[in-house]
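Enquirer: FYI, in my numbering the residues of the sequence shown are 299 to 477. Just dropping this structure here.
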Amino acid sequence: FLFTASFDACIASDLIVYKLGGFVNDHNARIDEATPRRAVVRLGSRGLATRERLKSAAGRVLARKAYSQMTVADVTREAGVATGLFHRYFPDLQTLTMELADEVLDELGNTAAVEQDVARGDWMGRIHSHIALSVANYAQRPGLVRAMNQLADESPAFRARLRGFYQSQLELLAAQMPR
Numbered sequence: 299f300l301f302t303a304s305f306d307a308c309i310a311s312d313l314i315v316y317k318l319g320g321f322v323n324d325h326n327a328r329i330d331e332a333t334p335r336r337a338v339v340r341l342g343s344r345g346l347a348t349r350e351r352l353k354s355a356a357g358r359v360l361a362r363k364a365y366s367q368m369t370v371a372d373v374t375r376e377a378g379v380a381t382g383l384f385h386r387y388f389p390d391l392q393t394l395t396m397e398l399a400d401e402v403l404d405e406l407g408n409t410a411a412v413e414q415d416v417a418r419g420d421w422m423g424r425i426h427s428h429i430a431l432s433v434a435n436y437a438q439r440p441g442l443v444r445a446m447n448q449l450a451d452e453s454p455a456f457r458a459r460l461r462g463f464y465q466s467q468l469e470l471l472a473a474q475m476p477r
């Protein structure tokens, strides 16, 4: 089917919420709910797999190229899909890269997982676990970390999200230090 919607989208697992204005053309997708202003589209397993391939491919491209030099053709070539397929799942590279960045921030902000091996009351161990994960993240995905800085420069919304993340992490760690 062809559905008219914009890519002002909020994505949660297999749901994509679109505001009216652009398009989604995925034969594996299903419209779960539609109003005059938005639609909720549920992707099928093939659609989700393709979306994940594009995200993984973007991560690999960012490892080789700067975010500002990355093109849709680079990502789709790396994913092994047709260039036109990209816009079925993402409106632009910024949206795709922001989604990758949000996943990293969610991972880094998962305090329970980050501190799972730290003894209760070991504030130095807590700080070390967060720093070690941040450094490991950079070592594994330097291109994405650089892209996050570029995104913060060009997107006020992402800049606010990144600053808010850093602020909450500092407050969390500062609260654990002995007085």
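From the three backbone atoms N, C-alpha and C, an ideal C-beta is built for every residue, glycine too. All values reported here derive from a predicted model rather than from experimental measurement.
If contacts are defined as beta-carbon pairs under 8 Å, then T374 and L383 qualify, I think. What distance do you get, rounded to the angstrom?
Expert: With a Cβ gap of about 6 Å, T374 and L383 count as contacting.
Enquirer: So, with DSSP's three-state summary, where would you put F463?
Expert: Three-state DSSP puts F463 in a helix.
Enquirer: Any contact of the region 353 to 372 with the region 432 to 448, i.e. 3+ C-beta pairs under 8 Å?
Expert: As far as the Cβ criterion goes, the region 353 to 372 touches the region 432 to 448, which means the pair count is three or higher.
Enquirer: Comparing alpha-carbon positions, which option in G342, N447, L398 lies nearest L352?
Expert: Of G342, N447, L398, the residue nearest in Cα terms is L398.
Enquirer: Taking the CB atoms as reference points, tell me whether T395 and Y365 lie closer together than 8 Å.
Expert: Yes; because the gap between Cβ atoms is below 8 Å, this pair is in contact.
Enquirer: Does the region 399 to 409 come close enough to the region 446 to 461 to have 3 or more Cβ pairs within less than 8 Å?
Expert: A contact exists between the region 399 to 409 and the region 446 to 461.
Enquirer: In its own chain, which residues sit with a C-beta less than 7 Å from the C-beta of A450, not counting the 5 before and 5 after it?
Expert: Hits under 7 Å: F456, R457, L460.
Enquirer: Is A389 helix, strand or coil by DSSP?
Expert: Note that residue 389 is Pro in the sequence shown, not Ala. Reduced to three states, the DSSP call for P389 is coil.
Enquirer: Taking V416 as part of the alpha helix (DSSP H), name the residues at either end of that continuous run.
Expert: Run containing V416: none; DSSP gives neither H nor E here.
Enquirer: In its own chain, which residues sit with a C-beta less than 6 Å from the C-beta of A377, not counting the 5 before and 5 after it?
Expert: Contacts found: R351, L352, A355.
Enquirer: Please classify D415 as buried or exposed, where buried requires at least 16 other C-beta atoms within 10 Å of its C-beta.
Expert: Label assigned to D415: exposed.
Enquirer: From T369 to A380, what does the alpha carbon distance come to, in whole angstroms?
Expert: Answer to the nearest angstrom: the Cα atoms are 13 Å apart.
Enquirer: Beta carbon of L431, beta carbon of V412: below 8 Å?
Expert: The answer is yes: Cβ separation under 8 Å.
Enquirer: If the criterion is Cβ atoms closer than 8 Å, does the pair T409 and L468 meet it?
Expert: Cβ atoms of T409 and L468: not closer than 8 Å.
Enquirer: Quick one: using the 10 Å Cβ neighbour count with 16 as the cut-off for buried, is R386 buried or exposed?
Expert: By the 10 Å Cβ count, R386 comes out buried.
Enquirer: Apart from the five residues on each side of it in sequence, which residues of its chain come closer than 7 Å, Cβ to Cβ, to M475?
Expert: Excluding sequence neighbours, M475 sits near W421.
Enquirer: Out of curiosity, what's the CA-to-CA distance linking G407 and F463?
Expert: Taking the straight line from one Cα to the other gives about 8 Å.
Enquirer: Less than 7 Å between C-beta atoms, sequence neighbours within five positions excluded: which residues of the same chain meet that for I309?
Expert: Here the model assigns I309 a pLDDT of 43, short of 50, so the residue's position is not dependable, and the following value carries that caveat. So the list reads E397, once near-sequence residues are dropped.
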